Amino acid sequence: VIARVQAALAGGSDGGALAGVPFVVKDLFDVAGQVTTAGAAVRAQCAPAARDAAVVQRLGDAGAVLVGTANMDEFAYGFATVNAHYGTTTNPHDHQHLAGGSSGGSAAAVAAGLVPFALGSDTNGSIRVPAALCGVYGL
Numbered sequence: 001v002i003a004r005v006q007a008a009l010a011g012g013s014d015g016g017a018l019a020g021v022p023f024v025v026k027d028l029f030d031v032a033g034q035v036t037t038a039g040a041a042v043r044a045q046c047a048p049a050a051r052d053a054a055v056v057q058r059l060g061d062a063g064a065v066l067v068g069t070a071n072m073d074e075f076a077y078g079f080a081t082v083n084a085h086y087g088t089t090t091n092p093h094d095h096q097h098l099a100g101g102s103s104g105g106s107a108a109a110v111a112a113g114l115v116p117f118a119l120g121s122d123t124n125g126s127i128r129v130p131a132a133l134c135g136v137y138g139l
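Residue 4 in full-length UniProt numbering sits at position 4 of the sequence shown, and the numbers go up by one each step.
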């Protein structure tokens with residue numbers, strides 16, 4: 001994506017609405033060439049994703065640059081992002097507190113200033129709880 005954005009800019013194009021904007025995705029979204037673990041060690045040996053999830057692809061098409069995947073509660077089942085396999089995600093404002101879950105890694109990455117936005121998923125507060133605890137907006 002970076003090379004495509006640079007080529008577009010060099011050719012006089014704007015590179016897309018999100019040209020060069022970095023983001024992370026919760027490890028629940030497929031990223032081509034990477035194993036989607038959903039925070040579960042049992043999935044670590046699964047085959048890598050053949051293609052990006054539609055939302056990841058669309059963000060890339062708009063010029064956004066995926067820089068990594070974010071920690072999460074195992075199988076998105078939890079409110080704390082306390083993950084026995086991949087570690088606990090703490091609140092970047094105070095490491096004595098949790099980031100919330102299950103999209104805690106996404107909220108923490110934004111709150112820490114690593115990226116301006118991140119993808120998460122929400123069934124029962126999994127974006128809203130971490131956003132509130134980390135002091136960021138969650139949609």
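The C-beta atom is built at its ideal place from N, Cα and C for all residues, glycine as well. Note that the structure is predicted; figures quoted are calculated from it, not measured.
Short Cβ contact (9 Å threshold) for L114 with P22: Residue 114 sits at position 114 when you count from the first residue of the sequence shown. Residue 22 sits at position 22 when you count from the first residue of the sequence shown. The answer is yes: Cβ separation under 9 Å.
Separation of A108 from C134, as counted between CA atoms: Taking the first residue of the sequence shown as 1, we reach residue 134 at position 134. Taking the first residue of the sequence shown as 1, we reach residue 108 at position 108. Distance between the alpha carbons of C134 and A108: 6 Å.
Reduced DSSP secondary structure (H/G/I, E/B, other) of L18: Working through the sequence shown from its first residue, we reach residue 18 at position 18. Looking at L18 - three-state DSSP - the assignment turns out to be coil, as it is neither helix nor strand.
V67, buried or exposed, once every other Cβ within 10 Å from all chains shown has been counted against 16: Sequence index remark: in the sequence shown, residue 67 carries index 67 (1-based). It is exposed - the Cβ of V67 has fewer than 16 other Cβ atoms within 10 Å.
9 Å Cβ cutoff met for M72 and G104: Sequence index remark: in the sequence shown, residue 72 carries index 72 (1-based). Sequence index remark: in the sequence shown, residue 104 carries index 104 (1-based). Contact: yes.
N91 beta carbon less than 9 Å from that of A64: Numbered from 1 along the sequence shown, position 64 holds the residue referred to as residue 64. Numbered from 1 along the sequence shown, position 91 holds the residue referred to as residue 91. No. Outside cutoff.
Cβ-based neighbour list, C46, same chain, cut-off 8 Å, excluding 5 preceding and 5 following: The sequence position of residue 46 within the sequence shown is 46, counting from 1. The answer, listed in chain order, is V35, T36 and T37.
Minimum length 4: unbroken alpha helix (DSSP H) runs contained in the region 59-138: 104-111 and 128-134
Residue range of the alpha helix (DSSP H) that includes V5: Position 5 of the sequence shown, counted from the first residue, corresponds to residue 5. Where V5 is concerned, the enclosing alpha helix (DSSP H) stretches over I2 to A10.
V24 (DSSP reduced to helix, strand or coil): The residue given as residue 24 occupies position 24 in the sequence shown. The answer is strand: DSSP assigns V24 an E or B state.
Sequence-distant residues of its chain with Cβ nearer than 6 Å to G138 (five each side left out): If you number the sequence shown from 1, residue 138 lands on position 138. Within the same chain, G138 has close Cβ partners I127, R128 and A131.
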